[in-house]
Structure formats: C-alpha cells, structure tokens
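See below for the structure under consideration.
Residue numbers (the working numbering): 12 to 118.
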C-alpha cells in the first residue's frame with residue numbers, strides 16, 4: 012500500500028504539473044501578444060488560440076488527476092470515498108465537456 016500511495020502522488024503531481032505548465036505557457040503567450048500590441052506591430056490579439064492551447068493542457072492535467080483519484084478510491088474503498096470520487100468525476104467531466112466544446116469552436 013505504501014508503493015500505491017507513491018504512485019497516486021506521482022500521477023497527481025504529473026497532472027498538477029501539466030496544468031501549471033499550460034498556465035505558464037498561456038501567460039507567456041499573453042504577455043508576448045500584449046508586448047506586440049503595445050509596440051504597434053500587432054493590432055489584433057487572437058486570445059482564442061491561447062485559450063485553446065491552455066484548454067488542451069487543462070484537459071490533460073484533469074485526466075491525470077481523475078486517474079489518481081480513481082486509483083486512490085480503488086485502493087481504499089468506502090462509501091464516503093466513492094461519493095467524493097463520483098462528485099469529483101462529474102465536476103471534472105462537465106469541465107472537460109465544456110472545454111472540449113470551446114476548443115472545437117475556436118478551431
């Protein structure tokens with residue numbers, strides 16, 4: 012069980028790292044576009060591309076976090092844990108559906 016806790020921790024850390032990395036890249040892209048806009052070399056900023064790219068990272072990170080939650084619940088099954096996992100999966104699934112829909116619209 013100790014090894015399983017480490018596996019869960021590693022998978023969750025990977026998921027959080029992907030989300031943070033995506034947010035960092037989106038922030039850098041936004042700053043880059045703003046600098047171009049203020050310098051006059053670009054008049055229109057396409058925020059849709061930045062949102063799409065960040066959405067991809069966010070979705071991938073959420074999938075890793077769901078995997079960690081599923082492994083944790085399977086390793087220690089109880090009614091409360093299953094209810095919490097179910098609600099987390101529903102919330103993350105709704106977020107994923109809307110992010111996928113928005114990413115599809117921006118393409």
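We put the beta carbon where it would ideally sit given N, CA and C, even for glycine.
Report buried or exposed for residue 69, applying the criterion of at least 16 other Cβ atoms within 10 angstroms of its Cβ. buried
Inspect the beta-carbon positions of residue 72 and residue 27 and report whether they are closer than 8 Å. yes
Quick one: Cα of residue 13 to Cα of residue 21, how far? 13 Å
Alpha carbon to alpha carbon, how far is residue 83 from residue 24? Give it in angstroms, no decimals. 14 Å
Counting Cβ pairs, one atom from each stretch, are 3 or more of them under 8 Å apart for the stretch 98 to 111 and the stretch 76 to 90? yes
Would residue 33 and residue 65 qualify as a contact pair, given that the criterion is a beta-carbon distance under 8 Å? yes
Would DSSP call residue 111 helix, strand or coil? helix
How long is the line joining the alpha carbons of residue 104 and residue 111, rounded to whole angstroms? 10 Å
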